[in-house]
Every structure is written in C-alpha cells, then in structure tokens.
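Undergrad:
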Amino acid sequence: ACLGRGVAALGLVALIYTATVLQLSVRHPGEPATRGPYGLVRNPGYLSGIVINVGLMIVATSFAVLGPEHAVNPHQVVLVCAGGILSFWLAAWMEERYNIVKFGEAYERYAKAVPRLNPIEGWRRPHQPKAESEPDALT
C-alpha cells in the first residue's frame, strides 16, 4: 500500500508542477508550451493522471491481499482506475488532434521531437524543442 501511495503522490506532485509551469510559462499566442515537463512529454498532465491511477491500482491490490473484510472492493477500484488510464490516453490523443489544428506546423514539429506520454523516451532524446520566441527562464 505504501508503494501505491508513493506512486500516486508522485503523480500528484507532477500534476501540480505541470499546471504551475503551464500557468507561468511565457509564450506567444499560436505556439505550444514546450518547456519544463512539456519538453519531456507532450501531455504531462495526462501522464500525471495515469501515474495517479496506477498508484491507486497498486493500493487497491494491496488491500486485496489483506482480505475481504476491507470496505473497498479492490477489483472495482482496479477496474475504475483502468478506465481512468484509458480515458487519459484517449484525451491525450484527442487533444493532439486539436493542437495540430490550433498550432499547425509548430505543433507538428514539436510532436516529432517530443514523445506523447513516454518520459523515458523523452529523457533519451538529446534535443528538446524550443519555440524561437520562447525565453529560457522557465526550464
């Protein structure tokens, strides 16, 4: 249960960080956010939601080991969290379609340079995209 709580907490911290960076980032209209967590994955908010759901699934399976006397049905929690993970993945996919229309070529370049939801692949990439007009202050 402690591992699951830690994973969920990590997802929550990442979500708060992502929201803060997005709100404080200075970018020109018509350009996608590409700094901070957005330089690692294209959809860090959705990735954070997935991580939170994985943590909750780990917690739920920990309760299953403890026995049926617990008030939470772990199978239902796992099912709901799996639905949440699928929902976040689909939302990321749909938002990208919208961003291609909204930001055009700038987003297409960004999408080629930064993975959608895989932070390991994002860390491996040597070049993080940066809009030419975006300052270096928030990295």
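Residue numbering for the sequence shown follows the working numbering, beginning at 4 and increasing consecutively.
Note that the Cβ used here is the ideal one computed from N, Cα and C, for glycine as well.
1) Taking its Cβ as the centre, do 16 or more other Cβ atoms sit within 10 Å of residue 142, making it buried, or is it exposed?
2) Among 62, 121, 54, which residue has its Cα nearest to the Cα of residue 16?
3) Pull up the distance between the alpha-carbon of residue 35 and that of residue 102, whole angstroms please.
4) Can you grab the Cα-Cα spacing for the pair residue 105 / residue 8, in whole Å?
5) Please tell me whether residue 122 and residue 50 are closer than 8 Å, where the distance is taken between their beta carbons.
6) Specify the secondary structure class of residue 31 as computed by DSSP and reduced to three states.
7) The alpha helix (DSSP H) that contains residue 117, what's its start and end?
8) With DSSP as the reference, label residue 17 as helix, strand or coil.
9) How long is the line joining the alpha carbons of residue 77 and residue 4, rounded to whole angstroms?
10) Of all the alpha helix (DSSP H) runs that stay within the bounds of the region 38-113, which reach a length of 4 or more residues?
TA: Working from what's here:
1) Taking the sequence shown and counting its residues from 1, one reaches residue 142 at position 139. Only weak support exists for where residue 142 lies, its pLDDT of 37 falling under 50; the value from the coordinates is given anyway. Flag for residue 142 reads exposed.
2) Working through the sequence shown from its first residue, we reach residue 16 at position 13. Per the Cα distances, 54.
3) Here residue 35 refers to the residue found at position 32 of the sequence shown. Here residue 102 refers to the residue found at position 99 of the sequence shown. Whole-angstrom Cα-Cα distance: 8 Å.
4) Numbered from its first residue, the sequence shown carries residue 105 at position 102. Numbered from its first residue, the sequence shown carries residue 8 at position 5. Spanning the two alpha carbons is a distance of roughly 37 Å.
5) Walking along the sequence shown from the start, residue 122 turns up at place 119. Walking along the sequence shown from the start, residue 50 turns up at place 47. Cβ distance < 8 Å, so residue 122 and residue 50 count as in contact.
6) For the purposes of this step, residue 31 is taken as the residue at position 28 of the sequence shown. Residue 31: coil per DSSP, three-state reduction.
7) Within the sequence shown, residue 117 is the residue found at index 114, counting from 1. Unbroken run through residue 117: none, as it is neither H nor E.
8) Counting from one through the sequence shown, the residue named residue 17 turns up at place 14. It is helical.
9) Taking the sequence shown and counting its residues from 1, the one referred to as residue 77 is at position 74. Taking the sequence shown and counting its residues from 1, the one referred to as residue 4 is at position 1. Taking the straight line from one Cα to the other gives about 12 Å.
10) 47-69, 77-106
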